[in-house]
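Here's the structure we're looking at; comments come further down.
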Amino acid sequence: MKLMIKKKMILGVDSLTMEDFKKPFRCIACQRAKQKRMSFRRKRAKRQKVCYARIMSDISPVGVLTPGGNLYFQLIQNEASRFEWCYLLKEKSDANQNIMDLVLQIEKEHAIKIFSCDRGGEFVNTELKVFLKRHGIRLLTTNSYTPEENCLVEKMNGCLMNKVRAINEAAGLPMCLWGEVLGYVV
């Protein structure tokens, strides 16, 4: 490139001199390509201290079909105790029934005040909204594309799948058995 500029073989770079090549070069396009969106401030989140006052849920696709035909898993987590329930799903629409069954089971001994989830279509529907309202539970949805707001359950999804992959690798199991390994891990 230096030689081509010296011999004036390139059009449009007349403003570049040999001195410019001695300075550190900053490519604006490269810098923009490496940019990330601004992170959330590192502020200590206020967490529930009362068990079952807030439960959170998220659905994660795995991408590999289990022998039972499951493609997703749903993780439901209690914010205060970090206790978790995990369900294998064939379709995302199966998630509502899991939540309803769990709420009915928990409400026999504890009061659930808030159900938190992302804005995925599997949770934001009239059937679940009516059920939660009937049981006096507030539905709290996070903003779009902000997993930080549903962070406990989102982080746990990642941790669980890391453990599943590690166990599959160490045991020499095929990835299609992720559902059975996930049940073991949880």
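Using our numbering, the letters of the sequence shown map in sequence onto residues 35 to 220.
Note that the Cβ used here is the ideal one computed from N, Cα and C, for glycine as well.
This structure is a prediction, so every number in the text was calculated from the model and none was measured.
Reference residue i; option with closest CA among the options
| i | options | result |
| --- | --- | --- |
| residue 85 | 36, 147 and 158 | 147 |
| residue 83 | 116, 102 and 106 | 116 |
| residue 97 | 210, 197, 38 and 192 | 210 |
| residue 155 | 197, 93 and 56 | 93 |
| residue 183 | 170, 152 and 125 | 152 |
| residue 195 | 95, 56 and 53 | 95 |
Three-state secondary structure (DSSP) of residue i
| i | result |
| --- | --- |
| residue 90 | strand |
| residue 112 | strand |
| residue 118 | strand |
| residue 37 | helix |
| residue 216 | helix |
| residue 99 | coil |
| residue 123 | strand |
Whole-Å CB distance - residue i paired with residue j, under 8 Å assumed
| i | j | result |
| --- | --- | --- |
| residue 123 | residue 111 | Not a contact, Cβ separation roughly 16 Å. |
| residue 133 | residue 162 | 7 Å |
Euclidean distance between Cα positions of residue i and residue j
| i | j | result |
| --- | --- | --- |
| residue 174 | residue 214 | 31 Å |
| residue 131 | residue 137 | 10 Å |
| residue 159 | residue 217 | 28 Å |
| residue 150 | residue 129 | 14 Å |
| residue 120 | residue 212 | 13 Å |
Residue i Cβ short of 7 Å to the ligand FMN heavy atom set
| i | result |
| --- | --- |
| residue 94 | You won't find the ligand FMN in this model; it holds no ligand whatsoever. |
Could you give the uninterrupted runs of the beta strand (DSSP E) lying entirely in the stretch 129-192, keeping only those of 3 residues or more? 148-151 and 172-175
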